[in-house]
Amino acid sequence: MDNLGFIVAAFAIVWGALLAYLISLRARGA
Amino acid sequence: MTDTTIPRGNTLPRIRPWLGIAAAASFVVASVMALFWAPTDAVQGDVYRILYIHVPLAWLSYLAFVIVFLASVGWLWTKNELFDAIAVSSAEIGVLFTGLFLIAGSIWAKPTWGVWWTWEPRLVTTAIMFVMYVGYLLLRGLSTDFSRRATRAAIFGIIAVIDVPIVHLSVLWANSLHQLPTVLRAGGSPALDSSMLLTLMVSLGAYTLIYAYFMTARISIERARQGRLWTT
Chain Z
1 MDNLGFIVAA
11 FAIVWGALLA
21 YLISLRARGA
Chain F
1001 MTDTTIPRGN
1011 TLPRIRPWLG
1021 IAAAASFVVA
1031 SVMALFWAPT
1041 DAVQGDVYRI
1051 LYIHVPLAWL
1061 SYLAFVIVFL
1071 ASVGWLWTKN
1081 ELFDAIAVSS
1091 AEIGVLFTGL
1101 FLIAGSIWAK
1111 PTWGVWWTWE
1121 PRLVTTAIMF
1131 VMYVGYLLLR
1141 GLSTDFSRRA
1151 TRAAIFGIIA
1161 VIDVPIVHLS
1171 VLWANSLHQL
1181 PTVLRAGGSP
1191 ALDSSMLLTL
1201 MVSLGAYTLI
1211 YAYFMTARIS
1221 IERARQGRLW
1231 TT
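Keeping their order, the protein sequence lines are chains Z and F.
Counting from 1, position 5 in the first sequence corresponds to residue 5 in the numbering used here; the numbering is continuous, with no gaps.
Counting from 1, position 162 in the second sequence corresponds to residue 1162 in the numbering used here; the numbering is continuous, with no gaps.
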């Protein structure tokens, strides 16, 4: 897979941010 | 303990676990399809796979801000606090998604355009949209009076939605480095391989479910906050 670093970075940032937002919703009482 | 219940008769708490399961399952399927099942692009190679997160997040951002607009109209029309809760929830998630598709787009741009960022119409109008809705969220902190705050935010939410069609059509109105619409093309079928299109649609479905799940959770938080602070 070419440009693997760019692909991994993009997916990791998006997945990580979605997970962080989910955790923040839980922390706020959802 | 924080009370997060929302008004009696509301079905959101009941559907949220099922929505979460559906979102998680479709997210896994979409990710596997995007990274391993979809074919390699003949021109861009594998880096085009960023499309499967970039495009759904962009479309969901548009949807989120249109919902802010509709909920803002609903608040001004009815003064029902639920509309204000929907508006702020959708704005917050829209800002998150916009930030993420800007970052994903920037990472995609480097190997394909040779730059992380360039001042071309699609990128600039998207950045403006991001800043406008960050401003929307900040505006809500300027007043502690619930009704005044909700009304100011609603007026802002109605005006700011103007940028959504401008972002989408900016690639048609001006010479742009960003590619033209591939799927939502006027008068034409999607210019995309069928398996790529299927992967994109599955990804769009997955991110739509994630948006819906986040909305139910965020609205629940906002309704509880309204109950504690402003309603009698």
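Note that beta-carbon positions come from the ideal geometry of N, C-alpha and C, so glycine has one too.
- From F:Phe1027, F:Leu1139, F:Gly1157 and F:Trp1117, residue whose alpha carbon lies closest to that of Ala1071 of chain F: Working through the second sequence from its first residue, we reach residue 1071 of chain F at position 71. Out of F:Phe1027, F:Leu1139, F:Gly1157 and F:Trp1117, F:Gly1157 has the C-alpha closest to the C-alpha of Ala1071 of chain F.
- Item | Straight-line gap, Arg1223 of chain F to Thr1118 of chain F (C-alpha atoms, nearest Å) | In the second sequence, counting from the first residue as 1, residue 1223 of chain F sits at position 223. In the second sequence, counting from the first residue as 1, residue 1118 of chain F sits at position 118. Distance between the alpha carbons of Arg1223 of chain F and Thr1118 of chain F is about 41 Å.
- Query: At least one CB of chain Z closer than 8 Å to the CB of Ile1159 of chain F: is that the case?
  - Reply: One-based indexing of the second sequence puts residue 1159 of chain F at position 159. No, Ile1159 of chain F does not count as interfacial toward chain Z.
- Identify the contact partners of Trp1108 of chain F in chain B, using a Cβ-Cβ distance below 8 Å as the criterion. Note that chain B does not occur in the displayed structure, where the protein chains are Z and F.
- Query: Near Leu1057 of chain F, which residues of its chain fall below 6 Å by C-beta distance, leaving aside the five closest residues on each side in sequence?
  - Reply: For the purposes of this step, residue 1057 of chain F is taken as the residue at position 57 of the second sequence. Within the same chain, Leu1057 of chain F has close Cβ partners Phe1097, Leu1100 and Phe1101.
- Is the CB of Val1088 of chain F under 8 Å away from at least one CB in chain Z? Position 88 of the second sequence holds residue 1088 of chain F. Interface criterion not met: the Cβ of Val1088 of chain F is under 8 Å from no Cβ in chain Z.
- Task: Measuring only between beta-carbons, confirm whether Gly1205 of chain F sits less than 8 Å from chain Z.
- Result: Sequence index remark: in the second sequence, residue 1205 of chain F carries index 205 (1-based). At a cut-off of 8 Å, the C-beta of Gly1205 of chain F has no neighbouring C-beta in chain Z.
- Asp1046 of chain F CB to nearest chain Z CB: under 8 Å? Along the second sequence, one-based indexing puts residue 1046 of chain F at 46. True, the Cβ-Cβ gap to chain Z drops below 8 Å.
- Message: Could you compute how far the alpha carbon of Gly5 of chain Z sits from the alpha carbon of Gly1094 of chain F?
- Response: Position 5 of the first sequence, counting from 1, holds the residue named residue 5 of chain Z. Position 94 of the second sequence, counting from 1, holds the residue named residue 1094 of chain F. Per the coordinates, the alpha-carbon of Gly5 of chain Z lies some 27 Å from the alpha-carbon of Gly1094 of chain F.
- Proximal chain F residues relative to Ala17 of chain Z, where beta-carbon distance stays under 9 Å: Reading the first sequence from its first residue, position 17 is the one you call residue 17 of chain Z. Going along chain F in sequence order, the residues near Ala17 of chain Z (Cβ under 9 Å) are Leu1096, Gly1099, Leu1100 and Ile1103.
- Closest residue to Ala9 of chain Z among F:Trp1108, F:Ile1162, F:Arg1014 and F:Ser1195 (Cα-Cα distance): Residue 9 of chain Z sits at position 9 when you count from the first residue of the first sequence. That would be F:Trp1108, whose Cα lies nearest to the Cα of Ala9 of chain Z.
- First and last residue of the alpha helix (DSSP H) that includes Met972 of chain F? Coverage of chain F is limited to positions 1001 through 1232, which leaves residue 972 of chain F absent and any answer about it impossible.
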